[in-house]
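Chemist:
In the working numbering, the protein residues as written are 5 to 217.
What follows is the structure, encoded as structure tokens:
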């Protein structure tokens with residue numbers, strides 16, 4: 005088993021937990037309005053702003069650098085979606101939840117200086133977005149009647165998902181980490197999933213409270 009396959013197998017439970025949160029159930033079943041959906045992008049703006057700043061810092065690193073791939077960048081697409089959903093005053097709506105602030109703090113702590121830590125968070129976010137993006141885009145089109153505007157975050161034009169994910173697995177398999185560093189990477193991937201799940205749980209509670217008000 006290659007290292008990429010090992011990562012996928014050992015973090016399968018964390019991945020499932022991140023997918024089965026109440027917020028996504030509500031979003032995919034059409035229970036949320038546009039503001040409830042936009043709330044997700046507002047929190048993701050905080051996450052991706054930090055992670056993509058780290059990508060700029062790590063782009064010349066011999067290990068982390070090959071994972072910095074321009075076509076993956078999500079922040080410009082989040083900005084386009086928020087501009088479409090909220091108009092030009094969208095920056096005033098960016099306010100990280102407690103869990104998002106903790107997520108951001110961890111990104112600042114490890115992704116700017118620790119190559120394996122950067123890759124762990126990069127893997128968790130972008131591979132998840134690429135894998136689930138089409139499902140999310142179809143659901144949001146069905147619920148809100150979107151075409152492209154409003155769901156650009158979930159679209160990866162110019163990337164063949166199957167080919168790219170194999171390339172990404174090859175990069176993971178080739179990473180020059182010893183057994184200790186591989187375990188640290190696995191631990192960080194698991195932690196990244198938990199941080200993401202906590203952010204989504206916070207989001208689910210917030211939109212539920214707003215709906216009930």
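Even for Gly, the Cβ is constructed at its ideal location relative to N, Cα and C. Source: prediction; values computed, not measured.
Can you tell me whether DSSP reads residue 150 as helix, strand or coil?
Modeler: Position 146 of the chain shown, counted from the start, is the residue given in the question as residue 150. Annotated three-state conformation of residue 150 is coil, per DSSP.
Chemist: Nearest CA to the CA of residue 13: which residue from 193, 209, 205?
Modeler: As a position in the chain shown, residue 13 is number 9, starting the count at 1. That would be 193, whose Cα lies nearest to the Cα of residue 13.
Chemist: Alpha carbon to alpha carbon, what distance is there between residue 75 and residue 91?
Modeler: Position 87 of the chain shown, counted from the start, is the residue given in the question as residue 91. Position 71 of the chain shown, counted from the start, is the residue given in the question as residue 75. Going by the C-alpha atoms only, they are around 25 Å apart.
Chemist: Should residue 192 be counted as a contact of the ligand PLP given a C-beta to heavy atom distance under 6 Å?
Modeler: In the structure shown, the ligand PLP is absent, as is every other ligand, since no ligand is present at all.
Chemist: Just how far apart, CA to CA, sit residue 163 and residue 89?
Modeler: The sequence position of residue 163 within the chain shown is 159, counting from 1. The sequence position of residue 89 within the chain shown is 85, counting from 1. Their Cα atoms are separated by approximately 25 Å.
Chemist: What's the call for residue 156, buried or exposed, on a 16-neighbour Cβ count within 10 Å?
Modeler: Counting from one through the chain shown, the residue named residue 156 turns up at place 152. With 16 or more Cβ atoms within 10 Å of its Cβ, residue 156 is classed as buried.
Chemist: With 16 other CB atoms within 10 Å as the buried threshold, where does residue 206 fall?
Modeler: Locating residue 206 in the chain shown gives position 202, where the first residue counts as 1. When all chains shown are included, residue 206 counts as buried.
Chemist: Less than 7 Å separating the beta-carbons of residue 203 and residue 52?
Modeler: Counted from its first residue, the chain shown places residue 203 at position 199. Counted from its first residue, the chain shown places residue 52 at position 48. No, these two residues do not count as a Cβ contact at 7 Å.
Chemist: Does DSSP classify residue 95 as helix, strand or coil?
Modeler: As a working note, residue 95 is residue 91 in the chain shown. Shown here, residue 95 sits in a helix according to DSSP, grouped into three states.
Chemist: Mapping the DSSP letters down to three states, classify residue 182 as helix, strand or coil.
Modeler: Residue 182 sits at position 178 when you count from the first residue of the chain shown. In the three-state reduction of the DSSP assignment, residue 182 falls in the coil class.
Chemist: Have a look at 30, 183, 188, 173 and flag the residue whose alpha-carbon is nearest the alpha-carbon of residue 8.
Modeler: Within the chain shown, the letter at position 4 stands for residue 8. It is 173 whose Cα lies nearest to the Cα of residue 8.
Chemist: With DSSP run on the structure shown, which of helix, strand or coil describes residue 78?
Modeler: As a position in the chain shown, residue 78 is number 74, starting the count at 1. Looking at residue 78 - three-state DSSP - the assignment turns out to be coil, as it is neither helix nor strand.
Chemist: For residue 42, collect the residues of the same chain with a Cβ closer than 6 Å to its Cβ; drop the 5 residues on either side in sequence, then sort them by chain order.
Modeler: The sequence position of residue 42 within the chain shown is 38, counting from 1. Excluding sequence neighbours, residue 42 sits near 89.
Chemist: Would you decide whether residue 126 is buried or exposed? Buried here means 16 or more other CB atoms lie within 10 Å of its CB.
Modeler: Counting from 1 along the chain shown, the entry for residue 126 is found at position 122. When all chains shown are included, residue 126 counts as buried.
Chemist: So does the stretch 52–68 actually touch the stretch 110–128, counting three or more Cβ pairs closer than 8 Å?
Modeler: These segments touch.
Chemist: With a cut-off of 7 Å, does the C-beta of residue 102 fall near any C-beta of chain C?
Modeler: Judged by its chain identifiers, the structure shown contains no chain C, having just a single protein chain.
Chemist: Go through its chain and collect everything with a Cβ distance to residue 79's Cβ below 8 Å, but skip five positions before and after it.
Modeler: Against the chain shown, residue 79 aligns to sequence position 75. Closer than 8 Å at the Cβ level, and outside the excluded window around residue 79, lie 49, 52, 53, 56.
Chemist: Does the Cβ-Cβ distance between residue 111 and residue 45 come in under 7 Å?
Modeler: Looking up residue 111 in the chain shown gives position 107. Looking up residue 45 in the chain shown gives position 41. Contact flag unset, no.
Chemist: Return the Cβ separation of residue 190 and residue 11 in integer angstroms, given the expectation that the two are a contact with Cβ distance under 8 Å.
Modeler: For the purposes of this step, residue 190 is identified with residue 186 of the chain shown, where counting begins at 1. For the purposes of this step, residue 11 is identified with residue 7 of the chain shown, where counting begins at 1. The Cβ separation is near 6 Å, so the contact holds.
Chemist: Just to confirm my understanding: we take residue 219, look at its own chain, exclude 5 residues before and 5 after, and list those with CB closer than 7 Å. What are they?
Modeler: Absent from the model: residue 219. The displayed extent of the chain is 5 to 217, so no value can be given.
Chemist: Distance check for residue 70 and residue 123, CA to CA, integer angstroms please.
Modeler: If you number the chain shown from 1, residue 123 lands on position 119. If you number the chain shown from 1, residue 70 lands on position 66. Going from the Cα of residue 123 to the Cα of residue 70 covers about 10 Å.
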